[in-house]
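Under our numbering, the first residue of the sequence shown is numbered 76, with each subsequent residue one higher. For every residue, glycine included, the Cβ atom is placed at its ideal position computed from N, Cα and C. What you are looking at is a predicted structure, and each value in this text was computed from that prediction instead of being measured. For reference, the structure discussed in these notes is given below.
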Amino acid sequence: MISLENLTFHYDREASAVLQDVTLAFYEGSHTALIGPNGCGKTTLLKHLNGLLVPNTGRISVDGMTTTDTASLREIRRRVGMVFQNPDSQIVGMTVEEDVAFGPGNLALPPAEIRRRVDACLERTGMKGLETRAPHTLSGGEKRLLAIAGVLAMAPRYIALDEPTAYLDLPGQRRILEIIRQLQGEGLGIIHISHDLHDIAGADRIVLMDRGAVLIEGTSSEVFRRTDLLESVGIDLPRGWR
Ligand code: ADP
76 MISLENLTFH YDREASAVLQ DVTLAFYEGS HTALIGPNGC GKTTLLKHLN
126 GLLVPNTGRI SVDGMTTTDT ASLREIRRRV GMVFQNPDSQ IVGMTVEEDV
176 AFGPGNLALP PAEIRRRVDA CLERTGMKGL ETRAPHTLSG GEKRLLAIAG
226 VLAMAPRYIA LDEPTAYLDL PGQRRILEII RQLQGEGLGI IHISHDLHDI
276 AGADRIVLMD RGAVLIEGTS SEVFRRTDLL ESVGIDLPRG WR
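Listed below in structure tokens is the structure:
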């Protein structure tokens, strides 16, 4: 479990808090969606889950390890994989297979195990056959899949995805959503930022944020029923959903 207790965070001490007293939990095998208007703090919250940012007050623990404990950070980062909005920011290899091998290479695993993981993760993401391609020549959708493969090669327990279907065509979006479903089925905890309510309608839990705080969390029917709250933050339910 990843638990956030009374999390408060400022980028700049002079500015107002970007996250305000956030208490939440994310579970293995469960798909949680984070929604809310632009700038409400979703990405900032995500970056706290693997210690890229640490709270000013409050505490985050990942399977019992605290993100402010530097001795645990390596293991926390292995357990909580991050797929950022811009896949270019995550590319580290000259070829697809080198890129996927980078993470397990840092875990000092035997070469045969690294090879096994690279093959398995390219298979799981439908990227087989692209091993020798230079990542910068891939399509936007393929780059996202590459980022997911790279994260999966670390054998994480959770995967946090920031708008993973943004700017993709419909087949690309479907492919990513199918992989998310498959990963959840394999027992991973999914934390999924999205502005597309269709993408997250099947999530186990939806967290609606506004101005750095949680407005409501619940099942999709509980949250989508609260049209007053959704409208108050500028989210329109698709036609026919009310
Ligand atoms: P969301 O993901 O919901 O769009 P963000 O977490 O990206 O929201 O941003 C929340 C707030 O924090 C916004 O006001 C944004 O301008 C600010 N912010 C985001 N990143 C930084 C940063 N690196 N430095 C200062 N302020 C930031």
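Range of the contiguous beta strand (DSSP E) that encloses residue i
{"i": "Ser-78", "result": "77-84"}
{"i": "Ile-234", "result": "233-237"}
{"i": "Val-97", "result": "94-101"}
Segment limits, alpha helix (DSSP H) that includes residue i
{"i": "Phe-177", "result": "171-181"}
{"i": "Arg-134", "result": "Element bounds for Arg-134: not the alpha helix (DSSP H) but the beta strand (DSSP E), 132-137."}
{"i": "Val-129", "result": "Per DSSP, Val-129 belongs to no alpha helix (DSSP H) and is neither H nor E."}
{"i": "Arg-152", "result": "148-154"}
{"i": "Ile-166", "result": "Run containing Ile-166: none; DSSP gives neither H nor E here."}
{"i": "Ile-275", "result": "272-275"}
{"i": "Leu-305", "result": "302-307"}
{"i": "Glu-206", "result": "Taken as a continuous stretch (DSSP letters only), Glu-206 belongs to no alpha helix (DSSP H), as it is neither H nor E."}
{"i": "Ser-295", "result": "295-299"}
Test item: CB-CB of residue i and residue j under 8 Å
{"i": "Met-284", "j": "Gly-114", "result": "no"}
{"i": "Pro-179", "j": "Arg-199", "result": "no"}
{"i": "Val-158", "j": "Ala-228", "result": "no"}
{"i": "Gly-133", "j": "Leu-79", "result": "yes"}
{"i": "Leu-258", "j": "Thr-240", "result": "no"}
{"i": "Leu-99", "j": "Pro-130", "result": "no"}
{"i": "Leu-263", "j": "Tyr-233", "result": "yes"}
{"i": "Val-155", "j": "Pro-231", "result": "yes"}
{"i": "Ile-265", "j": "Ile-254", "result": "no"}
{"i": "Val-93", "j": "Phe-84", "result": "yes"}
{"i": "Gly-201", "j": "Arg-153", "result": "no"}
{"i": "Ile-166", "j": "Pro-210", "result": "yes"}
{"i": "Val-137", "j": "Ala-288", "result": "no"}
{"i": "Glu-238", "j": "Ile-189", "result": "no"}
{"i": "Gly-277", "j": "Leu-243", "result": "no"}
{"i": "Ala-235", "j": "Leu-148", "result": "no"}
Helix, strand or coil at residue i [DSSP, three-state]
{"i": "Ala-288", "result": "strand"}
{"i": "Phe-159", "result": "coil"}
{"i": "Asn-215", "result": "Per the sequence presented here, residue 215 reads as Gly, with Asn not at that position. Three-state DSSP puts Gly-215 in a helix."}
{"i": "Asp-194", "result": "helix"}
{"i": "Arg-280", "result": "strand"}
{"i": "Gly-247", "result": "helix"}
{"i": "His-267", "result": "strand"}
{"i": "Ala-222", "result": "helix"}
{"i": "Leu-109", "result": "strand"}
{"i": "Thr-143", "result": "coil"}
{"i": "Gly-315", "result": "coil"}
{"i": "Gly-116", "result": "coil"}
{"i": "Gly-260", "result": "helix"}
{"i": "Leu-184", "result": "coil"}
{"i": "Glu-253", "result": "helix"}
{"i": "Ile-310", "result": "coil"}
Check: Touching or not, the region 301-314 and the region 253-273, by the rule of three or more beta carbon pairs under 8 Å?
Finding: yes
Check: If we count Cβ pairs, one from each stretch, closer than 8 Å, do we get three or more for the region 100-108 versus the region 275-295?
Finding: yes
Checklist line | By C-beta, the residues closer than 5 Å to any heavy atom of the ligand ADP, given in chain order | finding: Tyr-86, Val-93, Asn-113, Gly-114, Cys-115, Gly-116, Lys-117, Thr-118, Thr-119
Next item on the list: Decide yes or no for the touch test of the region 165-175 against the region 208-223: beta carbon pairs closer than 8 Å, at least 3 of them.
Entry: yes
Checklist line | Three-pair Cβ contact test at 8 Å for the region 119-127 versus the region 199-209 | finding: no
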